[in-house]
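Worksheet: one structure, shown below.
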Amino acid sequence: MSRTGPADPVQARYASWLEWGTRAGFALLVAGFAAYTTGLVPAHVPVDRLPSLWGLPATEFLAQTGIGAGWGWIGLIRGGDMMNLVGIAWLASCSLPCLAAVAPLFHARGDRVHAWICAIEIAVILLAASGLLATGH
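Mind the numbering: the sequence shown is residues 33 to 169 in my numbering, read in order.
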């Protein structure tokens, strides 16, 4: 269905920011994958060990590879296999700047409910990513 007329400024800003974020995330994924597969950056977990690790429960996999749970991979970012996670984390967080960019537009047009919803969504995503709600720690 074709739409005529100008797009809603909120939708246009969100879409623009999301487009930029996903393109950057894709570039990070490609760069990390290329660094890993070419051997340009050595892997934290050697490729020949992977078949013996694939069937393990996550906790055992992390223990045998020395990768910490949660954000523990950040300390291993120099490994080619860990570099791939940068692109994944980037893509997973793309909605944060989009929400932050549209909240002022909602507020400026007097739509404070949607502005607050944006703020609450940002807070919930950050809280979830922080690991503070994780069980078993």
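All C-beta atoms, glycine included, are put in the ideal place defined by N, C-alpha and C.
- Query: For the alpha helix (DSSP H) that I152 lies in, which residues bound it at each end?
  - Reply: For I152, the enclosing alpha helix (DSSP H) covers residues R144 to S162.
- For the segment 55-62 and the segment 115-123, state whether three or more C-beta atom pairs, one from each stretch, are separated by less than 8 Å. Contact holds: three or more Cβ-Cβ distances are below 8 Å.
- Query: What residues in its chain sit with their C-beta under 7 Å from that of G64, if we drop five residues either side in the sequence?
  - Reply: Once the five neighbours on either side are set aside, the close Cβ partners of G64 are M115, N116, V118 and G119.
- Residues near A135 by beta carbon distance below 7 Å, same chain, minus five either side: Here the set comprises A147, C150 and A151.
- Message: Taking a contact to mean a Cβ-Cβ separation below 8 Å, would you say L137 touches E153 in this structure?
- Response: The Cβ-Cβ distance between L137 and E153 does not fall below 8 Å.
- Query: Rounded to the nearest angstrom, how far is the Cβ of G163 from that of W103, given a contact under 8 Å?
  - Reply: The beta-carbon distance between G163 and W103, rounded to whole angstroms, is 7 Å. This is short enough to meet the 8 Å contact definition.
- A160 versus S125: straight-line alpha-carbon distance, rounded: Their backbone Cα atoms lie some 11 Å apart in a straight line.
- Euclidean distance between Cα positions of A90 and W105: Approximately 13 Å, taken between the alpha carbons.
- With 16 as the cutoff for other CB atoms within 10 Å, does A75 come out buried or exposed? A75 is buried by the Cβ-count criterion.
- Look up V77 in the DSSP assignment and say whether it is helix, strand or coil. Collapsing the DSSP output to three states places V77 in coil.
- Task: Give every residue of the same chain whose Cβ lies closer than 8 Å to the Cβ of S48, excluding the five residues on either side of it in the sequence, and list them in chain order.
- Result: No residues qualify anywhere along the chain.
- Message: Given this structure, state the Cα-to-Cα distance separating I99 from L61, to the nearest angstrom.
- Response: Roughly 20 Å between the two C-alpha positions.
- To the nearest angstrom, report how far apart T69 and A39 are at their CA atoms. Roughly 42 Å separates the two Cα atoms.
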